[in-house]
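Asks: So in the working numbering, the last spot in the sequence shown is 179, and the numbers never skip.
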Amino acid sequence: MNTLTAICPGSFDPVTYGHLDIIARASKMFGRLIVVVASNGAKHCSFTPKERVEMIEKCTKDLNNVEVIHYDGLLAEYAAQRGASAIIKGLRAMSDFEYEFQMALANKKLNPNVETLFLTTASQNMYLSSSMVKQIASMGGDISSFVPEVIKQDIMDRIYIKK
Ligand code: COA
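#1: Which residues does DSSP list as the beta-bridge partners of Leu-36?
#2: Would DSSP call Pro-25 helix, strand or coil?
#3: Quick one: complete alpha helix (DSSP H) runs, 4+ long, within the region 44-132?
#4: If you measure between the beta carbons of Val-130 and Thr-32, is that distance less than 7 Å?
#5: I think Leu-135 touches Val-82, with their Cβ atoms under 8 Å apart; what is that distance to the nearest whole Å?
#6: Pull up the distance between the alpha-carbon of Ala-42 and that of Ile-104, whole angstroms please.
#7: Rounded to whole angstroms, what's the CA-CA distance from Pro-25 to Val-53? Just pull it up for me.
#8: Given a threshold of 16 other Cβ atoms within 10 Å of its Cβ, counted over all protein chains shown, does Met-155 qualify as buried or as exposed?
#9: Measuring CA to CA, which of Ser-111, Ala-100 and Asp-29 is closest to Met-71?
#10: For the alpha helix (DSSP H) containing Val-149, name the first residue and the last one.
#11: Short of 7 Å in beta carbon distance, which residues of its chain neighbour Val-166, apart from the five on each side in sequence? Order them along the chain.
#12: State the Cα-Cα distance for the pair Arg-174 and Leu-126, rounded to the nearest angstrom.
#13: Check this for me: beta carbons of Thr-137 and Arg-108, under 7 Å apart or not?
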């Protein structure tokens, strides 16, 4: 039995099939996977941290070794607190690489005991992003291909602007 702990961070505003594919794959590689709803200072979120945690919980309830939490501090410090040995990120395309590389190096400097591991995003999710889902939802488009049914209405209720 693999007893290692990994953390999977993101702003998840909202979680999409792209994130969920990475979470499901990472949960098979580690004894415990902690999904961390964190803050990206550069982003204004549409959902509160509690709402983002609840949406991820609804979508991951069948994954027994997955825990979902909100943390507002430095990820590297949270990894140290939980004894996590890895930070898992999904890598979409070359455009993600520079930003992810920078974050991985900064996290390594702050916590030398944690490795950042990149999983390649599934090809069908390469183009997906939370912003894209929100843009489609705001115009009343069908987001069924991008997010699970259990959170679809939560997203539409918040984002769809009826004209
Ligand atoms: N498939 C499809 N889309 C994906 C994806 C996947 N596998 N993984 C991520 N995305 C999308 C996300 O939906 C997001 O879309 P958006 O820009 O429209 O919101 C985009 O890719 C970027 O996601 P991600 O790389 O996870 O960045 P983020 O901004 O959501 O999260 C944090 C960044 C929160 C992880 C980072 O800022 C952090 O660690 N903060 C904590 C504080 C800290 O420690 N800061 C120092 C870091 S060195």
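Virtual Cβ for every residue (Gly too), placed ideally from N, Cα, C.
Replies: On the basis of the coordinates in this document:
#1: Looking at the DSSP output, Leu-36 sits in no beta bridge, so it has no partner there.
#2: In the displayed model, Pro-25 falls within a strand according to three-state DSSP.
#3: Fully enclosed alpha helix (DSSP H) runs of 4 or longer: 65-75, 91-97 and 110-126.
#4: It is not a contact, given that the beta carbons lie outside the stated cut-off.
#5: With 8 Å as the limit, Leu-135 and Val-82 do not qualify as a contact, their Cβ atoms being about 15 Å apart.
#6: So the alpha carbons of these two residues sit roughly 7 Å apart.
#7: Taking the straight line from one Cα to the other gives about 6 Å.
#8: Under the 10 Å beta carbon count, Met-155 is surrounded by fewer than 16 other beta carbons and is classified as exposed.
#9: Checking every option, the nearest Cα to that of Met-71 belongs to Asp-29.
#10: Boundaries of the alpha helix (DSSP H) harbouring Val-149: 146-154, taken from the DSSP string.
#11: Lys-74 and Cys-75.
#12: Taking the straight line from one Cα to the other gives about 36 Å.
#13: Closer than 7 Å, so yes.
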